[in-house]
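One structure below.
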Amino acid sequence: MSWANSYFIPIYNDIQINDKLFYTQADIIKEVAKEPCIIVGRCADYILRDEENVINVFLHAN
């Protein structure tokens with residue numbers, strides 16, 4: 000993986016665009032999560048599932 004123009008956009012070769020988007024978002028979420036933050040959606044619960052200092056909340060409304 001290499002970084003394009005230091006905009007936190009990694010370049011992945013030979014994978015589908017949806018996978019590229021997921022990996023890019025995952026990299027950004029992991030970088031942001033190094034500091035205290037709140038992330039709504041974006042599969043953050045899955046991406047950060049192995050981290051110890053994470054609280055996940057699921058909200059559902061009718």
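Residue numbering for the sequence shown follows numbering that gives the first Met the number 0, starting at 0 and increasing by one per position.
The beta-carbon is built from N, C-alpha and C at its ideal position, and this holds for glycine as well.
*asked:* Could you compute how far the alpha carbon of residue 133 sits from the alpha carbon of residue 52?
replied: The question about residue 133 has no answer here: the residues shown for the chain are numbered 0 through 61.
*Short Cβ contact (8 Å threshold) for residue 27 with residue 43*: Start at 1 with the first residue of the sequence shown, and residue 27 comes out as number 28. Start at 1 with the first residue of the sequence shown, and residue 43 comes out as number 44. No. Outside cutoff.
*Which of helix, strand or coil does DSSP assign to residue 42?*
In the sequence shown, the residue the question calls residue 42 occupies position 43. In the displayed model, residue 42 falls within coil according to three-state DSSP, outside both helix and strand.
_Whether residue 41 touches residue 15 by CB criterion (8 Å)_ = What you label residue 41 is simply residue 42 of the sequence shown in a count that begins at 1. What you label residue 15 is simply residue 16 of the sequence shown in a count that begins at 1. Not a contact, by the Cβ cut-off of 8 Å.
_I'd like the span of the alpha helix (DSSP H) that includes residue 16, first residue to last._
Against the sequence shown, residue 16 aligns to sequence position 17. For residue 16, the enclosing alpha helix (DSSP H) begins and ends at 16-31.
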